[in-house]
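A short worksheet on the structure shown next.
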């Protein structure tokens, strides 16, 4: 009994000493801490977006992909997933999880290694907005003190919103709404439970746990979070089992550009850069142009159609590349894939490599950039591919598909309105079209 009393007294003295230590450190360090009130007016780096006059997105410029959301727009299911993953006592504590810190100290004493540190969401906000990522005791202590100040200055909804919109989540995505669009091509409110859990698991290790770079690690983390959600009563067993069985469906999605209007978007970018400098890329400007979306698409279609018709009349110039014979054989597939990935898609003209030519069936087999194989019959543009001789002369029409195509040729094909691939080529000629509003000179299409 006397030993137990001794241990209890020692624990009380240690706790009292720790409290005095924290109080003393707070008095010493607090004058040098950043002003957390600045979080109310924080400006997050948000890319510039360029729109047509009727609101269609035609360009996006900026290093960081971010789409901030207010707390009220964040789905409750995702809030629960993130709390289960990072800080299930967030709405109860005052910025510090003492049990988590105690576990970290115990781990340090037992193993001699620094653990996760028991960081709450509030502490992570302090780190993300004010501190470096170095793992030192002084940084951790400043993180704790800042978390206390943040909890005094802001309410929980504001703190959660700051974390939600700032955290890095891989593939240049900052904030969970941007990550939802990058990985799933949807707003976070449209995602499933499994997808919410997947996103909630990324902050712990963005490079390893994101579902594109590390699908297996991401799935393991996702399933652990689903288990935590079940244990905390956020979901029932049926939802848990269904979400665990869901496959990993993420793939990279770029900005959801409505249609091609590159010249107009570039003109807007240059004008904004001249006016605002590099801030144009980070201040979240939405730029509306005079471009009419319908006229722009009609103009682009007319220019491409006219160029293709003109170029076709002047003959077929042959493949863009011919792989050397040394690459045709065991190493052909790898060489073909590499060549395709290094070749840009131009307008609607897809690069493809001829992998087989069947003279009897009069068709060729093509390897596409996405790894699929398609058939190109002789009648799909090959039969009219008369060879280019000069600006004013073309050769005779080919008699067989072998007269035009050989294994290892890199060619261009385009998909027609019936979903059939047609032999094509990048036009050697150039064309331009600019339409203006006669009343005020505004550019309607370019």
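Numbering (my numbering), first residue to last: 41 to 486.
Built from N, CA and C at the ideal position, the CB exists for glycine as well.
Note that the coordinates shown come from a computational prediction; the quantities given were computed from them, not determined experimentally.
From the options, residue whose alpha carbon lies closest to that of residue i
{"i": "residue 272", "options": "482, 450, 117", "result": "117"}
{"i": "residue 294", "options": "279, 225, 244", "result": "225"}
{"i": "residue 441", "options": "470, 453, 462, 398", "result": "398"}
{"i": "residue 298", "options": "409, 400, 92, 381", "result": "92"}
{"i": "residue 268", "options": "127, 424, 485, 452", "result": "127"}
{"i": "residue 95", "options": "326, 257, 249, 192", "result": "326"}
{"i": "residue 211", "options": "457, 292, 479, 451", "result": "292"}
{"i": "residue 110", "options": "132, 80, 124", "result": "80"}
{"i": "residue 346", "options": "473, 230, 451", "result": "473"}
{"i": "residue 354", "options": "420, 434, 360", "result": "434"}
{"i": "residue 395", "options": "386, 412, 218", "result": "412"}
{"i": "residue 183", "options": "486, 197, 76", "result": "76"}
{"i": "residue 194", "options": "454, 131, 451", "result": "131"}
{"i": "residue 358", "options": "401, 427, 379, 351", "result": "427"}
{"i": "residue 255", "options": "404, 403, 286", "result": "286"}
{"i": "residue 302", "options": "390, 459, 167, 386", "result": "386"}
{"i": "residue 468", "options": "270, 163, 431, 122", "result": "431"}
{"i": "residue 458", "options": "324, 165, 420", "result": "420"}
{"i": "residue 438", "options": "220, 321, 356", "result": "356"}
{"i": "residue 231", "options": "283, 196, 249", "result": "283"}
Where residue i sits in the DSSP three-state scheme
{"i": "residue 246", "result": "helix"}
{"i": "residue 398", "result": "strand"}
{"i": "residue 86", "result": "strand"}
{"i": "residue 94", "result": "coil"}
{"i": "residue 50", "result": "Its pLDDT being 47, under 50, residue 50 is placed unreliably by the model, and nothing is read from it."}
{"i": "residue 188", "result": "helix"}
{"i": "residue 157", "result": "Its pLDDT being 49, under 50, residue 157 is placed unreliably in this model, and the value from its coordinates should be taken loosely. The answer is coil: DSSP assigns residue 157 none of H, G, I, E or B."}
{"i": "residue 383", "result": "coil"}
{"i": "residue 345", "result": "helix"}
{"i": "residue 304", "result": "helix"}
{"i": "residue 392", "result": "strand"}
{"i": "residue 409", "result": "coil"}
{"i": "residue 100", "result": "strand"}
{"i": "residue 41", "result": "Model confidence at residue 41 stands at a pLDDT of 48, short of 50, so the residue's coordinates are unreliable and nothing is read from them."}
{"i": "residue 417", "result": "strand"}
{"i": "residue 473", "result": "coil"}
{"i": "residue 31", "result": "One cannot answer for residue 31 here, as it falls past the ends of the chain, which runs 41 to 486."}
{"i": "residue 128", "result": "coil"}
{"i": "residue 403", "result": "strand"}
{"i": "residue 451", "result": "strand"}
{"i": "residue 259", "result": "helix"}
{"i": "residue 460", "result": "coil"}
{"i": "residue 481", "result": "coil"}
{"i": "residue 439", "result": "coil"}
{"i": "residue 167", "result": "helix"}
{"i": "residue 76", "result": "helix"}
{"i": "residue 179", "result": "helix"}
{"i": "residue 377", "result": "helix"}
{"i": "residue 353", "result": "helix"}
{"i": "residue 434", "result": "strand"}
Residue i vs residue j beta-carbon contact at 8 Å
{"i": "residue 481", "j": "residue 308", "result": "no"}
{"i": "residue 305", "j": "residue 90", "result": "yes"}
{"i": "residue 199", "j": "residue 161", "result": "yes"}
{"i": "residue 483", "j": "residue 289", "result": "no"}
{"i": "residue 408", "j": "residue 425", "result": "no"}
{"i": "residue 274", "j": "residue 120", "result": "yes"}
{"i": "residue 343", "j": "residue 471", "result": "yes"}
{"i": "residue 296", "j": "residue 171", "result": "no"}
{"i": "residue 88", "j": "residue 318", "result": "no"}
{"i": "residue 362", "j": "residue 456", "result": "no"}
{"i": "residue 169", "j": "residue 192", "result": "no"}
{"i": "residue 452", "j": "residue 360", "result": "yes"}
{"i": "residue 114", "j": "residue 208", "result": "no"}
{"i": "residue 403", "j": "residue 454", "result": "no"}
Any C-beta of chain D under 8 Å from that of residue i
{"i": "residue 107", "result": "Here there is only one protein chain, and chain D is not present."}
Near the ligand GDP: residue i beta-carbon under 7 Å from a heavy atom
{"i": "residue 417", "result": "Inclusion of the ligand GDP in the displayed structure is not the case, the ligand content being empty and no account of it being possible."}
Practice item. Kindly provide the ranges of any beta strand (DSSP E) runs that are 3 or more residues long and lie completely inside the region 310-343, ordered along the chain. Key: Taking only runs of at least 3 residues, the beta strand (DSSP E) segments lying wholly in the region 310-343 are 326-328.
Review point. So does the region 444-463 actually touch the region 413-425, counting three or more Cβ pairs closer than 8 Å?
Key: The region 444-463 makes contact with the region 413-425: 3 or more CB pairs, one atom from each, lie closer than 8 Å.
Exercise for review: Evaluate contact between the region 238-246 and the region 262-276, counting only Cβ atoms and requiring at least three cross-stretch pairs below 8 Å.
Suggested key: Enough Cβ pairs lie closer than 8 Å, so yes.
**Study point:** the region 372-381 touching the region 454-470, judged by at least three CB pairs closer than 8 Å
**Key:** No: the two stretches stay apart, fewer than three of their Cβ pairs being nearer than 8 Å.
Practice item. Would you check if there are 3 or more beta carbon pairs closer than 8 Å linking the region 99-118 to the region 74-91? Key: In this structure the region 99-118 touches the region 74-91; the number of beta carbon pairs closer than 8 Å is three or more.
**Study point:** Inside the region 261-293 only - beta strand (DSSP E) runs reaching at least 3 residues
**Key:** Qualifying beta strand (DSSP E) stretches: none in this window.
Practice item. Say whether the region 329-338 touches the region 120-139, bearing in mind that this needs 3 or more beta-carbon pairs closer than 8 Å, one atom from each stretch. Key: The region 329-338 is not in contact with the region 120-139.
Practice item. Say whether the region 178-192 touches the region 209-227, bearing in mind that this needs 3 or more beta-carbon pairs closer than 8 Å, one atom from each stretch. Key: Remark: fewer than three beta-carbon pairs, one from each stretch, lie closer than 8 Å, so the region 178-192 and the region 209-227 are not flagged as touching.
Exercise for review: Within the region 182-234, note down every full alpha helix (DSSP H) run reaching 4 residues or more, in order along the chain.
Suggested key: The region 182-234 contains these whole alpha helix (DSSP H) runs: 196-206, 216-224.
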